[in-house]
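3 is the number of the first residue of the sequence shown in the numbering used here; add one for each residue after it.
Ideal placement from N, C-alpha and C gives every residue a C-beta, glycine not left out.
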Amino acid sequence: MSARRKATTQISRLAHRAGGTAAANRMVPEETPVAFSFAGTTHAVMMASPADFEDFALGFSLTEGIIADGREIEAIEVEDHGAGIDIQIRLKDQANTRFEARRRRLAGPVGCGLCGIESIEEAMRSFEAVGSSRLTLNTDDIVRSVRLLSKAQPLHAETGAVHAAGFYIPGKGIVMAREDVGRHNALDKLAGALAKAGIDGTLGAVVVTSRVSVEMVQKTAAIGAAFIIAVSAPTALAIRTAGDAGMTLVALVRGDDFDIFTHPERVTSGVAKHVA
C-alpha cells in the first residue's frame, strides 16, 4: 500500500503583536514517525515530514552505508499504519548478507562490554574520501547556491519551520532540492533523489540550511560531493572530519559573506575577503 499524506496543516492560534492579541490561522508542517525495515525487521525510526518516502529510503540506505548502489535494492514498499509510516526495503542477496552480518555484529551478546565500542565505531564509520575531486567554485557560486536554495523551499515558504538540502552544479544552479523537518532527513532525501535521477554527486555541491554536524559531512561524502555549503555554523568534529575527507566546508553564508573552514584551495577567487 502506498502512502500519501498532507505535508502541512492549518491551525488556529492567538497572535500577540504590539497592537494587541487576536485569533489567527497559520500553516504548520506535519511530522510523523517513519520506520525503515530491512528483511521485515525495523532498523531505524525517524521523525520526518511525510513526503518523498522512496527518496528517503534510498538515500538513507546509501548514506548509512547499507548499500553501495541503488541497484542493490530489490524493492521499496511504503505502508501507512495510521500512527506512522513503515518503509519495507528488500535488499538483493549480497547486500542483504552484508546487512545481516552488520546487524549481528552491532547487536552483540547481552552484557557484552564491547558493544558500546562497536557502536561508537559505527557512528564514526569510514567513508570514501573526496579529496581527489577537481571541482572548484568561485565566491559568486557559493553566494548564488544559498540564494537559489531559498527559492526552492515551498514548504518552508508556507510554514517557516523546515530544513532544506539542495544540490548545486556550477552553470546550472540548484538541480535538486528536498525539504524535511529534520536536517538529516532532508539530506537523505536529496541523496535518494540524486541517485534515482542518475545525477553524479561529484559534479556539484551539497547546500544545506542547517548547521553542519559530523553526520552531515558523512552523508555528503557518501553522495560523493567535495563541497558542503551551509547557512549555519559547523561543529568542531564536522570540521575535522571534512578536513580528513578532503572536503571543502563553507558555512555561515550570510549575503556575500561566508567562512571557509577546510580546503579553501577549491574556492577560486576572493578567498582573502572572507577569511578572518
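Could you tell me which residues DSSP puts in a beta bridge with residue i?
| i | result |
| --- | --- |
| P35 | M49 |
| S14 | N27 |
| A253 | D261 |
| Q96 | In DSSP, Q96 forms no bridge with anything. |
| P236 | V214 |
| I75 | L93 |
| T43 | F40 |
| V279 | No answer is possible for residue 279: the residues shown for the chain start at 3 and end at 278. |
| V208 | F169, I230 |
Is the distance from the Cβ of residue i to the Cβ of residue j below 7 Å?
| i | j | result |
| --- | --- | --- |
| F62 | F40 | no |
| L137 | A228 | yes |
| T264 | A244 | yes |
| P172 | D202 | no |
| T161 | T10 | yes |
| A179 | I225 | no |
| I89 | F129 | no |
| V36 | A50 | yes |
| L150 | G175 | yes |
| I69 | A97 | yes |
| S215 | A240 | yes |
| F2 | K191 | The structure shown does not extend to residue 2, since the chain is modelled only from 3 through 278, so no value can be given for it. |
| T222 | N140 | no |
| V1 | D258 | Outside the shown range of the chain, which is 3 to 278, sits residue 1, and nothing can be said about it. |
| T34 | S135 | no |
| V255 | V148 | yes |
Got a sec? Which residues, its chain only, sit under 6 Å from residue i by beta carbon, not counting five neighbours each side?
| i | result |
| --- | --- |
| V112 | In this prediction, V112 scores a pLDDT of 49, lower than 50, which makes its location untrustworthy; the coordinate-derived value is nonetheless stated afterwards. So the list is empty, once near-sequence residues are dropped. |
| R268 | T138, T250 |
| R7 | P52 |
| E79 | Q90 |
| A26 | A17 |
| V273 | In this prediction, V273 has a pLDDT of 46, which is less than 50 and means its spatial position is unreliable; nothing more can be read from the coordinates. |
My understanding is that residue i touches residue j, with C-beta atoms under 8 Å, so please give their C-beta distance in whole angstroms.
| i | j | result |
| --- | --- | --- |
| P52 | I87 | 7 Å |
| R213 | A232 | 7 Å |
| A197 | G72 | 5 Å |
| L93 | E74 | 6 Å |
Might you give, ordered along the chain, the residues of its own chain that have their beta carbon closer than 8 Å to the beta carbon of residue i, omitting 5 neighbours on each side?
| i | result |
| --- | --- |
| R19 | none |
| Q220 | T65, R127, F129, T243 |
| E217 | H186 |
| G248 | A131, V132, G133, S134, S135, A228, H265 |
| Q155 | V164, A166, A179, E181, T211 |
Take residue i and list the residues in its own chain whose beta-carbon comes closer than 7 Å to its own, dropping the five residues that flank it on each side.
| i | result |
| --- | --- |
| H158 | V164, A166, E181 |
| P31 | A9, T10, S51, L157, T161, A163, V164, V183 |
Margin query: Does the region 206-220 come into contact with the region 151-171, if we say contact requires no fewer than three beta-carbon pairs (one atom in each stretch) closer than 8 Å?
Written below: Touching, per the Cβ criterion.
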